[in-house]
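Working notes, beginning with the structure itself.
There are 2 protein chains.
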Amino acid sequence: MNPLFFPSVEQLADSRLTFRLCAPDAQAPRVVSSDIEQIPSGYDGKPAGLEMTRDAKGYWVATTPAPVLAGTYAYGFRIGQSSVLDPQATQFSVNYRGANAVFEVKGPAGAFQSFDPAIRHGAVAVIDYPSTTLGEVRRAHVYTPPGYEAGGNQRYPVLYLVHGAGDSDDSWTSRGHAQYILDNLIAAGKAVPMIVVMPAGHTVFKPGSDLFMNRAFGDDLVKDLVPLIDRSYRTVATPGSRAMAGLSMGGAHTLAWGLPNPETFGPIGVFSMGFYLPGQEEKYVAANDAALRRRGQAHWPVLFAMGKTDFLHSAVAPTRGLMDRYGIAYRYLETEGGHTWTNWRDYLREYAQVIFK
Amino acid sequence: MNPLFFPSVEQLADSRLTFRLCAPDAQAPRVVSSDIEQIPSGYDGKPAGLEMTRDAKGYWVATTPAPVLAGTYAYGFRIGQSSVLDPQATQFSVNYRGANAVFEVKGPAGAFQSFDPAIRHGAVAVIDYPSTTLGEVRRAHVYTPPGYEAGGNQRYPVLYLVHGAGDSDDSWTSRGHAQYILDNLIAAGKAVPMIVVMPAGHTVFKPGSDLFMNRAFGDDLVKDLVPLIDRSYRTVATPGSRAMAGLSMGGAHTLAWGLPNPETFGPIGVFSMGFYLPGQEEKYVAANDAALRRRGQAHWPVLFAMGKTDFLHSAVAPTRGLMDRYGIAYRYLETEGGHTWTNWRDYLREYAQVIFK
């Protein structure tokens, strides 16, 4: 560490986190985070963030009142009305709009999503592609497993893994550490080597757009991105070797364009999403009845996962009911916690172990 | 565009740029940029940035006084003492510390560095690797050319391309658009398909570290990164097919570890850097005399490029003198302008066309 720099985030021996900010003229800055449980999110109407106090050296400092679970977290600072990126940050996560600094809290519980220098690693590429369907340039992240870049003729199954409404195609790697989760599972022989394609889940807003049954997303995915990937990468281009999963909005995309499309996507994963709005399920069934019957005849793994305190937990009963009615075999995984990256990393870990086997 | 969002940066018909910020409580915000010539940099001691004024809707607005040359630029906002990332940004460039939003000004002069939907594209991967030399995890960006990911047995030459002191391994793609420059040149048949490895140019600061003759960087490059790339990618692992180039600090790295190492790196590119500090050249010659004699016997392309108004222009004469004395054949390219990404993109365009042929 350059002595000019102090640690912006420091993990204390008991895993509480201390945040520091050098901003001598700031008035009452706060450290904010939407996913560190020990930092008030503000969602309950109380002030967001932790108040910082000036230490003897003049830094603004705040320490979480309790230890933070090992994992990867986004944070920022609030000075007056301004959201300020950690001026010293070197790790970032790109959101739907804007970006946050990212920090990893180390610990045994987080080892599964941490870079392990002792094993082989894949690569995460950014690709831009012209979407003929949407008439615009789109972006995706693509994980290729260890050894892929050396070439040869081996072909791999592909998981299409979609982010949530607050995220971008960067999020599954920058906050979700999907690449390290896969590296670790593959090294341990618990997952088969696979390509993971992380599409951009948002499309340009148009009047009538529906965030949760977003046809523009589905058309681009099936007509542009999947063919591009099958053309450009060494894939096994069969439904049994092409999975789709997503978190939150990405789970809605998976319900909309993956579950009713067993001819394209075999294994399915829906994380922290389901039918929770009035009329949503009826509309879905009306549009997909025949396709859901076909899904009921398919036998690829389907994982439906939800946290007990997720604000979308009310979606569990209708969503399970629908899958039951169509005879879709699925595993329901209910965990502690809510709508969090801690859960989504866990769900990916579970899911990656059951697909393509 | 979601109607909830207004354009943070708008390219007017005459290529002036209008910046907008929604920050109702801000006092006298400014738009700042270190590389848009029409926005005061502050390097001359005058206030940095353009003052923004409130428009009828309540947005803060500023327009550059003159058109901005087509190209790719980083910008941010200053509110009070705080540097604020554009809250709406979706394109970013990661600096040595912190990050900026990025915006591309479209125009014919910038077409060579712009994504062209009509051609095939490569992919830009991020790889993490354990550096045995440095005992830490390091990161690099790797461009693979169009068609690479489809596999097979074709092998490719590799350009190692290093960023400057203010940058990170992300910068050559996020601000330099190296991937689009290569895509365009390859599609036009002007450059051979190549892999471009963009290492992290900074190392952890240690007492005695020398930013410009940074042995930690050189050791990691030659002992860890090059072998890793030759192991993991389909490379032609010979000096004639392994080039090194860099801008500013990356040019210093290239002078330090590329030019005197013709057994590893054949073609060499030094952009906007040279010997400009007292004693620098003598120290360099003392350390590298025998190696420079060997370089004088080599005949791979060497490009030395500098802008006429670069603050390092005084380095030109001593650096050329040194290469002349050792009989190193090189092309000296002097351009308009200074120490800018506009020049570095141009230099890469020139350089990529002469190597590996």
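Protein chains in written order, with our numbering: chain A, 10 to 366; chain B, 10 to 366. Heads up, the beta-carbon is just placed ideally off N, CA and C, and yes, glycines get one too.
Coarse secondary structure for residue i, derived from DSSP in three states
i      : result
P208/B : strand
G51/B  : coil
A108/B : strand
I128/B : coil
A22/B  : coil
E343/A : strand
D298/A : helix
T328/B : helix
E60/B  : strand
M313/A : Note that residue 313/A is Phe in the sequence shown here, rather than Met. Of the three classes helix, strand and coil, the one that applies to F313/A here is strand, per DSSP.
V231/A : helix
L194/A : helix
A254/B : strand
F214/B : coil
G278/B : strand
I238/A : helix
F15/B  : coil
T351/A : helix
G89/B  : coil
W266/A : helix
M10/A  : With a pLDDT of 36 at M10/A, under the threshold of 50, the modelled position of this residue cannot be trusted; read the value that follows with caution. Correct three-state label for M10/A: coil.
A118/A : helix
S180/A : helix
D333/B : helix
S323/A : helix
G260/B : helix
F365/A : coil
Buried or exposed (CB count within 10 angstroms, at least 16 for buried), residue i
i      : result
A65/A  : exposed
R286/B : Checking the sequence shown, residue 286/B turns out to be Leu, not Arg. With fewer than 16 other Cβ atoms within 10 Å, it is exposed.
G58/B  : buried
T351/A : buried
L21/A  : exposed
M10/A  : Because the pLDDT of M10/A is 36, which lies under 50, any placement of that residue in the model is unreliable, and the question is left without a value.
N104/A : buried
F320/A : exposed
N162/A : exposed
P166/A : buried
R129/B : exposed
Y242/A : buried
Q4/A   : It is not possible to answer for residue 4/A, since the shown part of chain A is limited to 10 through 366.
H308/B : exposed
Q122/A : buried
R63/A  : exposed
E291/B : exposed
S281/B : buried
A157/B : It should be pointed out that residue 157/B corresponds to Tyr in this sequence rather than to Ala. Classification of Y157/B: buried, given that the 10 Å Cβ count is 16 or more.
G316/B : buried
Q97/A  : buried
P271/A : buried
A361/A : buried
Given residue i as reference, the closest of the options once Cα atoms are compared
i      : options                        : result
S250/B : S323/B, K366/B, T328/B, A174/B : K366/B
A127/A : S123/B, V311/B, Y138/B         : Y138/B
G330/B : L301/B, Y356/B, G347/B         : L301/B
L30/A  : S42/A, S43/A, P16/A            : P16/A
L170/B : S50/B, A209/B, V111/B          : A209/B
L256/A : M207/A, A246/A, N193/A         : M207/A
A108/A : F124/A, F86/A, E19/A           : F86/A
L26/B  : G116/B, G54/B, I88/B           : G116/B
D233/B : E145/B, M332/B, G260/B         : E145/B
D219/A : S180/A, P202/A, A174/A         : A174/A
F284/B : H322/B, R304/B, A299/B, T318/B : H322/B
Interface partners of residue i on chain C, CB under 8 Å
i     : result
A37/A : Considering every chain present, this structure includes no chain C. Its protein chains are A and B.
**Study point:** Residues from the segment 104–135 of chain B in contact with chain A, defined by Cβ distance under 7 Å
**Key:** Listed by position, the residues of the segment 104–135 of chain B near chain A (Cβ gap below 7 Å) are R106, G107, A108, F124, P126, H130, A132, V133, A134, V135.
Review point. Between the segment 155–171 of chain B and chain A, which residues of the former have a C-beta closer than 7 Å to a C-beta of the latter?
Key: Result list: E158, A159, G160, G161, N162.
Practice item. Output, in sequence order along the chain, the residues in the segment 72–96 of chain B whose CB is closer than 8 Å to any CB in chain A. Key: Correct list: I88, G89, Q90, S91, S92, V93, L94, D95, P96.
Practice item. Taking a Cβ distance cut-off of 7 Å, strictly less, list which residues of the segment 227–254 of chain A are near chain B, in chain order. Key: Hits within the stretch, in order: S241, Y242, R243.
Point to revise | Residues in the segment 205–216 of chain B having any Cβ partner in chain A nearer than 7 Å | key: Contacts with chain A (Cβ-Cβ distance below 7 Å) from the segment 205–216 of chain B involve V213, F214, listed in chain order.
Practice item. Below 8 Å between beta carbons is the criterion; list the residues of the segment 136–148 of chain A that meet it against any residue of chain B, in chain order. Key: Result list: I136, D137, Y138, P139, V146.
Exercise for review: Give, in chain order, every residue of the segment 42–58 of chain B whose Cβ lies closer than 8 Å to some Cβ of chain A.
Suggested key: Here the close residues number zero.
Review point. Which residues, taken in chain order from the segment 273–293 of chain B, show a beta carbon closer than 7 Å to some beta carbon of chain A?
Key: In summary, no residue of the segment 273–293 of chain B has a CB separated from any CB of chain A by less than 7 Å.
Point to revise | Chain-ordered residues of the segment 321–335 of chain B with a beta carbon less than 7 Å from chain A | key: Answer in chain order: no residues at all.
Check your understanding: In the segment 24–35 of chain B, which residues sit with their C-beta less than 8 Å from some C-beta in chain A, listed in chain order?
Key -> Within the segment 24–35 of chain B, A32, P33, D34, A35 place their CB atoms closer than 8 Å to a CB of chain A, listed in sequence order.
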